[in-house]
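Colleague: Encoded as structure tokens, here's the structure I'll be asking about.
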Amino acid sequence: MPTTETTSVPANQVGTATDDTAFFGHPRGLSTLFFTEMWERFSYYGMRALLILFMTAPVAAGGLGFEARDAGVIYATYTAFVYLLSLPGGWIADKFLGLRRSVFIGGVIIMFGHISLALPGIATFYLGLVLVVLGTGLLKPNISALVGQLYLPDDARRDAGFSIYYMGINLGAFIAPLVCGTLAQAEWFKAFLMNLGIDPKGSWHWGFGAAAVGMFLGLVQFVLTGKFLGNAGAPPAPNPDAEEARKAKRQLILGIGAVVGILGLVAILGATNAVEINADNISFVIGVAYVIVTVGYFGALFAQEWTPVERNRLIVIVVLFVCAAVFWSAFEQAGSSLNLFADRYTNNTLFGMAFPSSYFQSLNSLFVISLAPVFAWLWVWLSQRSLEPSSPVKFAIGLLGVGLGFVILVPPAFTIIGAPEGFRVSPMWLVMVYLIHTIAELCLSPVGLSTVTKLAPERVVGQMMGVWFLGASVGNFAGGQIASLFETFPLPWLFLSVFATAGLASLVLFLLVRPIRNLMGGIK
256 MPTTETTSVP
266 ANQVGTATDD
276 TAFFGHPRGL
286 STLFFTEMWE
296 RFSYYGMRAL
306 LILFMTAPVA
316 AGGLGFEARD
326 AGVIYATYTA
336 FVYLLSLPGG
346 WIADKFLGLR
356 RSVFIGGVII
366 MFGHISLALP
376 GIATFYLGLV
386 LVVLGTGLLK
396 PNISALVGQL
406 YLPDDARRDA
416 GFSIYYMGIN
426 LGAFIAPLVC
436 GTLAQAEWFK
446 AFLMNLGIDP
456 KGSWHWGFGA
466 AAVGMFLGLV
476 QFVLTGKFLG
486 NAGAPPAPNP
496 DAEEARKAKR
506 QLILGIGAVV
516 GILGLVAILG
526 ATNAVEINAD
536 NISFVIGVAY
546 VIVTVGYFGA
556 LFAQEWTPVE
566 RNRLIVIVVL
576 FVCAAVFWSA
586 FEQAGSSLNL
596 FADRYTNNTL
606 FGMAFPSSYF
616 QSLNSLFVIS
626 LAPVFAWLWV
636 WLSQRSLEPS
646 SPVKFAIGLL
656 GVGLGFVILV
666 PPAFTIIGAP
676 EGFRVSPMWL
686 VMVYLIHTIA
696 ELCLSPVGLS
706 TVTKLAPERV
716 VGQMMGVWFL
726 GASVGNFAGG
736 QIASLFETFP
746 LPWLFLSVFA
756 TAGLASLVLF
766 LLVRPIRNLM
776 GGIK
């Protein structure tokens with residue numbers, strides 16, 4: 256999901272560059288953030304391409320030997336919390352560290368997380384996941400806000416600047432699986448390690464190590480070129496309101512204490528066997544927590560006083576939140592169930608040459624880079640002719656598209672049933688899936704981001720961007736849960752169930768387009 260970075264910038268954060276055109280007509284600081292985010296996304300998507308494959312690989316092959324059920328729950332929890340912790344990460348930057356310092360500290364934590372993953376051992380594996388989650392929570396929301404601070408609010412270059420920045424995101428996401436996947440899975444690299452007297456089973460950790468190197472390079476260039484950012488992202492000024500400052504510190508201490516307390520309680524219960532810590536229990540607890548957090552958040556939101564127009568628009572945001580969660584639950588199976596399908600059931604050869612299954616993870620970013628300009632032109636062309644679909648229609652098309660991608664996999668999934676051992680289907684099936692999913696993403700992701708910022712009441716724009724992250728988090732968690740059924744549920748029916756869910760959501764949204772447009776109060 257490389258294109259779902261937030262571009263929300265607080266209203267009081269004004270731009271710092273007006274006549275700087277050193278980077279393709281944009282402020283020189285954009286190059287700093289372009290390459291920092293490129294390397295951060297390289298590290299994230301490089302590791303993500305390997306994660307579920309490493310967990311499910313046999314111990315004899317250097318993996319952890321987990322069943323798909325357990326690996327799916329771990330994958331779901333990890334990817335969900337990567338997005339969820341963006342909420343407190345942005346709050347910490349606003350209240351304490353500032354954007355620039357948060358990006359650097361987050362990057363350092365991410366780097367150490369990948370270093371931990373590069374070390375063999377189950378303890379270092381879990382430590383690495385936790386560190387990457389914490390670091391990404393600090394870096395992810397704040398580097399995008401830094402991009403916004405390079406421009407004055409009315410600078411006509413702002414949207415184009417974010418488009419260039421998005422290319423950095425997708426460039427990193429495209430390169431990462433090719434590099435990390437080669438080191439982790441390529442037979443020639445394993446043979447190279449063997450010739451050096453190094454156990455080739457450890458090749459997985461070389462892939463994780465490459466992700467650490469990528470984050471290191473991003474940090475080095477961030478520090479060396481940070482001067483081009485000017486005053487953007489400076490630490491917040493001391494709060495003159497002593498009570499407000501004490502309140503913020505109390506909230507931070509309580510939050511850290513709650514996390515430590517929960518982790519400590521889980522560790523004690525597991526160590527004393529008071530409660531069996533397994534995939535099912537973890538999944539249940541997190542699922543219940545998501546329901547409580549989501550319902551509680553929206554309940555508190557609607558309990559505030561709003562004008563009738565604002566309340567109607569908030570209702571639309573809730574509808575889009577549900578649709579986005581359904582969309583990401585299907586789309587984000589790229590790194591889980593689709594990754595397993597590529598590894599176990601796909602003939603991973605091109606012109607007679609074998610390639611690692613993780614290479615498929617580069618297709619989405621390749622298609623985004625290729626098609627994003629086409630869609631940007633298409634929406635403008637349709638708008639000039641008064642034919643551009645409304646935001647709800649684009650959402651419905653995106654949901655239908657992500658479902659249809661899974662329908663494509665139903666025929667090859669049926670051929671696998673009863674096939675001789677070692678039978679594999681053509682890689683073109685997955686290429687078509689990723690192409691259709693990318694088209695669906697371009698209909699929904701940037702549109703949703705823009706629509707939420709337009710619908711949100713001015714005083715809660717930041718909170719509504721948090722809702723977008725929460726939707727992505729819920730979707731990632733649900734997608735991982737679906738992937739946990741990969742070994743226990745017939746694949747054709749698993750894929751059809753994903754299509755049915757997304758297709759039903761699309762149908763309902765199509766039927767609700769007119770009332771939703773009425774609730775939007777003139778927003779298109």
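Numbering-wise (the working numbering), the sequence shown opens with residue 256 and increments by one. All C-beta atoms, glycine included, are put in the ideal place defined by N, C-alpha and C. For clarity, every value in this text was computed on a predicted model and none was experimentally measured.
#1: I'd like to confirm the pairing. Which residues does DSSP put opposite histidine 369 in its beta bridges?
#2: Using the Cβ count rule (16 or more neighbours within 10 Å means buried), how would you classify lysine 445?
#3: Glycine 462: beta carbon under 8 Å from a heavy atom of the ligand NAP?
#4: Does DSSP classify leucine 374 as helix, strand or coil?
#5: Between the C-alpha atoms of valine 753 and phenylalanine 661, what's the straight-line distance to the nearest angstrom?
#6: Indicate whether the contact test is met: 3 or more Cβ pairs, each with one atom in the region 751 to 767 and one in the region 652 to 666, closer than 8 Å.
#7: How would you call proline 666, buried or exposed, if buried means at least 16 neighbouring beta carbons within 10 angstroms?
#8: Any idea what DSSP makes of phenylalanine 463, helix, strand or coil?
#9: Give me the Cα-Cα distance between aspartate 325 and isoleucine 537, rounded to the nearest whole angstrom.
#10: Please tell me whether leucine 354 and glutamine 404 are closer than 9 Å, where the distance is taken between their beta carbons.
#11: Exposed or buried, serine 681, counting other C-beta atoms within 10 Å across all chains shown (16 or more means buried)?
#12: Which same chain residues, not among the five before or five after glycine 464, have their C-beta less than 6 Å away from its C-beta?
#13: DSSP three-state label for methionine 775, please.
#14: Could you tell me which of Leu699, Asn567, Val564 and Tyr330 sits nearest to leucine 631, measuring between CA atoms?
#15: Would you call glycine 452 buried or exposed, if buried means 16 or more other Cβ atoms sit within 10 Å of its Cβ?
#16: Measure the alpha-carbon distance for glutamate 322 versus asparagine 594 and round it to whole angstroms.
#17: Would you mind reading off the limits of the alpha helix (DSSP H) that contains glycine 658?
#18: When you compare each of Gly551, Leu575, Trp561 and Leu690 to serine 625 by their alpha carbons, which one comes out closest?
#19: According to the Cβ coordinates, are glycine 427 and glycine 462 closer than 9 Å?
#20: Using DSSP with H/G/I as helix, E/B as strand and the rest coil, what is phenylalanine 278?
#21: When we look at the beta-carbon of arginine 640 and count the other beta-carbons within 10 Å, is it buried (16 or more) or exposed?
#22: By DSSP, does threonine 562 sit in helix, in strand, or in coil?
#23: Taking all protein chains shown into account, do 16 or more other C-beta atoms lie within 10 angstroms of the C-beta of alanine 487, making it buried, or fewer, making it exposed?
#24: With contact counted as at least three CB pairs below 8 Å, one residue from each stretch, are the region 428 to 435 and the region 603 to 622 in contact?
#25: What are the partner residues of valine 680, as DSSP defines its beta bridges?
#26: Mind checking phenylalanine 539: buried by the 16 CB within 10 Å criterion, or exposed?
#27: Over what stretch of residues does the alpha helix (DSSP H) that includes leucine 339 continue unbroken?
#28: Taking the CB atoms as reference points, tell me whether leucine 386 and isoleucine 360 lie closer together than 9 Å.
#29: Taking 8 Å as the threshold, find out whether the region 409 to 428 comes into contact with the region 310 to 322 through three or more Cβ pairs.
#30: Between which residues of its own chain and glycine 423 is the CB-CB distance below 6 Å, once the five residues before and five after are set aside?
#31: Along the alpha helix (DSSP H) that carries threonine 311, what are the first and last residues, could you check?
#32: Would you report the Cα separation of leucine 339 and alanine 580, rounded to the nearest angstrom?
#33: Please classify alanine 411 as buried or exposed, where buried requires at least 16 other C-beta atoms within 10 Å of its C-beta.
#34: If you follow the alpha helix (DSSP H) that glutamine 639 is in, where does it begin and where does it stop?
#35: Whose C-alpha, out of Tyr406, His460 and Met608, is nearest the C-alpha of glycine 280?
#36: Using the C-alpha atoms, what's the distance from glycine 320 back to lysine 709?
Modeller: Considering the structure as presented:
#1: Reading the sequence shown from its first residue, position 114 is the one you call residue 369. For histidine 369, which the question treats as bridged, DSSP gives no partner whatsoever.
#2: Taking the sequence shown and counting its residues from 1, the one referred to as residue 445 is at position 190. Under this definition lysine 445 is a buried residue.
#3: No copy of the ligand NAP appears in this structure; indeed no ligand is present at all.
#4: For the purposes of this step, residue 374 is taken as residue 119 along the sequence shown, with counting starting at 1. Leucine 374: coil per DSSP, three-state reduction.
#5: Looking up residue 753 in the sequence shown gives position 498. Looking up residue 661 in the sequence shown gives position 406. Approximately 7 Å, taken between the alpha carbons.
#6: As far as the Cβ criterion goes, the region 751 to 767 touches the region 652 to 666, which means the pair count is three or higher.
#7: The sequence position of residue 666 within the sequence shown is 411, counting from 1. So proline 666 counts as exposed.
#8: The residue labelled residue 463 in the question sits at position 208 within the sequence shown. The DSSP-derived three-state label of phenylalanine 463 is helix.
#9: Start at 1 with the first residue of the sequence shown, and residue 325 comes out as number 70. Start at 1 with the first residue of the sequence shown, and residue 537 comes out as number 282. Cα-Cα distance, rounded: 10 Å.
#10: Position 99 of the sequence shown, counted from the first residue, corresponds to residue 354. Position 149 of the sequence shown, counted from the first residue, corresponds to residue 404. Taking 9 Å as the Cβ cut-off, leucine 354 and glutamine 404 qualify as a contacting pair.
#11: Taking the first residue of the sequence shown as position 1, residue 681 is located at position 426. So serine 681 counts as exposed.
#12: Translated into the one-based positions of the sequence shown, residue 464 becomes position 209. Answer for glycine 464: Ala373, listed in chain order.
#13: As a working note, residue 775 is residue 520 in the sequence shown. Methionine 775: coil per DSSP, three-state reduction.
#14: Locating residue 631 in the sequence shown gives position 376, where the first residue counts as 1. In the sequence as displayed, the identity of residue 631 is alanine instead of leucine. Answer by Cα proximity: Leu699.
#15: Within the sequence shown, numbered from 1, the residue matching residue 452 stands at position 197. Residue environment: glycine 452 is assigned as exposed (fewer than 16 neighbouring CB atoms within 10 Å of its CB, all protein chains considered).
#16: Taking the first residue of the sequence shown as 1, we reach residue 322 at position 67. Taking the first residue of the sequence shown as 1, we reach residue 594 at position 339. Roughly 15 Å between the two C-alpha positions.
#17: As a working note, residue 658 is residue 403 in the sequence shown. Looking at the DSSP string, the run of the alpha helix (DSSP H) that includes glycine 658 is 646 to 663.
#18: Position 370 of the sequence shown, counted from the first residue, corresponds to residue 625. Considering only Gly551, Leu575, Trp561 and Leu690, the residue with the shortest C-alpha distance to serine 625 is Leu690.
#19: Residue mapping note: residue 427 aligns to position 172 of the sequence shown, counting from 1. Residue mapping note: residue 462 aligns to position 207 of the sequence shown, counting from 1. Cβ atoms of glycine 427 and glycine 462: not closer than 9 Å.
#20: As a position in the sequence shown, residue 278 is number 23, starting the count at 1. The three-state reading of DSSP puts phenylalanine 278 in strand, counting E and B together.
#21: Translated into the one-based positions of the sequence shown, residue 640 becomes position 385. Around the beta carbon of arginine 640, a 10 Å sphere encloses fewer than 16 other beta carbons of the protein chains shown; the residue is thus reported as exposed.
#22: For the purposes of this step, residue 562 is taken as the residue at position 307 of the sequence shown. In the displayed model, threonine 562 falls within coil according to three-state DSSP, outside both helix and strand.
#23: Within the sequence shown, numbered from 1, the residue matching residue 487 stands at position 232. In this structure alanine 487 is buried. Its beta-carbon is surrounded by 16 or more other beta-carbon atoms within 10 angstroms.
#24: The region 428 to 435 is in contact with the region 603 to 622.
#25: Within the sequence shown, numbered from 1, the residue matching residue 680 stands at position 425. DSSP lists Thr601 as partners of valine 680.
#26: Walking along the sequence shown from the start, residue 539 turns up at place 284. The residue is exposed, with fewer than 16 neighbouring Cβ atoms inside 10 Å.
#27: Position 84 of the sequence shown, counted from the start, is the residue given in the question as residue 339. Element bounds for leucine 339: 323 to 339.
#28: As a first step, residue 386 must be located in the sequence shown, where it is residue number 131. As a first step, residue 360 must be located in the sequence shown, where it is residue number 105. No, Cβ-Cβ distance for leucine 386 and isoleucine 360 is not below 9 Å.
#29: Using a C-beta cut-off of 8 Å, the region 409 to 428 makes no contact with the region 310 to 322, since fewer than three inter-stretch Cβ pairs fall below that distance.
#30: In the sequence shown, counting from the first residue as 1, residue 423 sits at position 168. Excluding residues within five positions, the ones whose Cβ falls inside 6 Å are Phe289, Glu292 and Met293.
#31: Counting from one through the sequence shown, the residue named residue 311 turns up at place 56. According to the DSSP assignment, threonine 311 belongs to the alpha helix (DSSP H) that extends over 284 to 311.
#32: Taking the first residue of the sequence shown as position 1, residue 339 is located at position 84. Taking the first residue of the sequence shown as position 1, residue 580 is located at position 325. Between the alpha carbons of leucine 339 and alanine 580 lies a gap of roughly 13 Å.
#33: The count along the sequence shown starts at 1 and reaches residue 411 at position 156. Exposed, because fewer than 16 other Cβ atoms sit within 10 Å of the Cβ of alanine 411.
#34: Locating residue 639 in the sequence shown gives position 384, counting from the first residue. DSSP places glutamine 639 in the uninterrupted alpha helix (DSSP H) bounded by 618 to 639.
#35: Taking the first residue of the sequence shown as 1, we reach residue 280 at position 25. Closest option to glycine 280, Cα to Cα, is Tyr406.
#36: Translated into the one-based positions of the sequence shown, residue 709 becomes position 454. Translated into the one-based positions of the sequence shown, residue 320 becomes position 65. Rounded to the nearest angstrom, the two C-alpha atoms are 47 Å apart.
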